[in-house]
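In our numbering, the protein residues as written are 4 to 331. For glycine and all other residues, C-beta sits at the position ideal for the given N, C-alpha and C. On a predicted model such as this, the values are computed, not experimentally measured, just so you know. Down below is the structure, laid out as structure tokens.
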Ligand code: SF4
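Below you can see the structure in the form of structure tokens.
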């Protein structure tokens, strides 16, 4: 690990001031950053400890929504009574992530920023990785790409986003609140993560020095009809091969509104808008569900090792829709 400066932020303004230095990284729970630093993948010039800032609250918002502070631990968020009762989809997604020990340390803000687990990115012995070393190539394209993207990939990168939480946040229309030296801004979660394009080294739209202070959830939480379903190689402590966050608003068993977001298939959580639209006004008959599941992957392109993800994603969407609607 290379030498770096370490400082502790006194408050949010101090954190943002320190974070404006080139090469600065914020340290919250540290579950991803420290691993990457030990492996030499991340080499910050300075690390700013924000772990004691007052950003660990879960607070109701005046509009009926809910604010999750950036430093709320994943396990605390998953088990908070207001998250469980109003946003059970999000609670399910938190509990599908990592292990209990990691959820006890990992924060909401850190979860948004966790980096891909592509093995060519995390292992310095591989020379070709555009995300780690821009312009070097992509070893996964002609290497082991079983876990990689089937949607939204580019010639430069076929990595997937590893977050479960972010998949549910997109289904729920969350908004990321950010502070910077000259003010604040709100980033809708759908615009927060990026597709790789020609610059896969950038995972999100955050600018250097910007600090995530909270994630705001609007009402409604789709509490009556939702399901987060994750398929992975192990029952616990494994990243998604495919996951789906599904939320439904029903009136007299007819779909008024549907949300379908896929995880484990793209560089960002993938919202299946055409599939959602196809369900509006239906009663979720088996043929409606199957048609939506096919639409969810109609742009999918398989790599050499991951063609199985396309039918798997369709099955995951279909199962999640049926579970959310209570028609299993
Ligand atoms: Fe690197 Fe992306 Fe290719 Fe993985 S998929 S080797 S992260 S460029």
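Rounded to whole angstroms, the separation of the alpha carbons of residue 79 and residue 103 is 11 angstroms.
Shortest gap from the CB of residue 271 to any heavy atom of ligand 1: 7 angstroms or more. For residue 124, the enclosing alpha helix (DSSP H) stretches over residues 122-125.
The continuous beta strand (DSSP E) containing residue 28 extends over residues 27-30. Within its own chain, the residues whose Cβ lies closer than 7 angstroms to the Cβ of residue 294, once the five positions on either side in sequence are excluded, are 281, listed in chain order. Secondary structure of residue 251 (DSSP, three-state): strand.
Here residue 60 is exposed. Its C-beta has fewer than 16 other C-beta atoms within 10 Å. For residue 112, the enclosing alpha helix (DSSP H) has its first and last residue at 111-116. In chain order, the residues with a C-beta atom nearer than 5 angstroms to some heavy atom of ligand 1 are 121, 123, 124, 132, 133, 134, 141, 142, 143, 160, 161, 162.
Rounded to whole angstroms, the Cβ separation of residue 52 and residue 12 is 7 angstroms, and the two are in contact under 8 angstroms. Residue 257: not part of any alpha helix (DSSP H); member of the beta strand (DSSP E) spanning 257-266, first to last residue.
A Cβ-Cβ contact shorter than 8 angstroms links residue 258 with residue 284. Between residue 36 and residue 229 the beta-carbon gap is near 31 angstroms, outside 8 angstroms, which marks them as no contact. Using a 10 angstroms sphere on the CB of residue 41, the tally of other CB atoms stays under 16, which defines it as exposed. Taking C-beta atoms under 8 angstroms as the contact rule, residue 68 and residue 251 fail to qualify, at a distance of about 19 angstroms.
The alpha-carbon of residue 54 is positioned some 45 angstroms away from that of residue 287.
Annotation: the segment 35-80 contains the following complete segments of the alpha helix (DSSP H) (minimum length 4 residues), in chain order: 36-41. When Cβ pairs closer than 8 angstroms are counted between the two stretches, the segment 128-147 is seen not to touch the segment 231-251, the count staying below three. Relative to residue 171, the option among 318, 72, 267 whose CA is nearest is 267. As the crow flies, the alpha-carbon of residue 181 is around 10 angstroms from that of residue 210. Here residue 183 is near residue 19, since their CB atoms are less than 8 angstroms apart. Residue 228 is not bridged by DSSP to any residue. With a threshold of 16 other beta carbon atoms within 10 Å, residue 114 meets it and is buried. Beta-bridge annotation (DSSP): residue 151 is not paired with any residue. In terms of Cβ geometry, residue 119 and residue 165 form a close pair [threshold 8 angstroms]. Contact between the segment 259-279 and the segment 185-196 is established, with three or more Cβ pairs separated by less than 8 angstroms. According to the DSSP assignment, residue 182 belongs to no alpha helix (DSSP H) but to the beta strand (DSSP E) extending over 178-183. Take the alpha-carbon of residue 317 and the one of residue 245: they are about 10 angstroms apart.
Beta-bridge pairing by DSSP links residue 187 to 182. In the three-state scheme derived from DSSP, where H, G and I count as helix and E and B as strand, residue 236 is classed as coil. Across the set 75, 200, 265, 206, the C-alpha of 265 shows the shortest separation from the C-alpha of residue 231. Under DSSP, residue 196 takes part in a beta bridge, and its partners are 207. By the neighbour-count criterion, in which a residue is buried when 16 or more other Cβ atoms sit within 10 angstroms of its Cβ, residue 127 is exposed.
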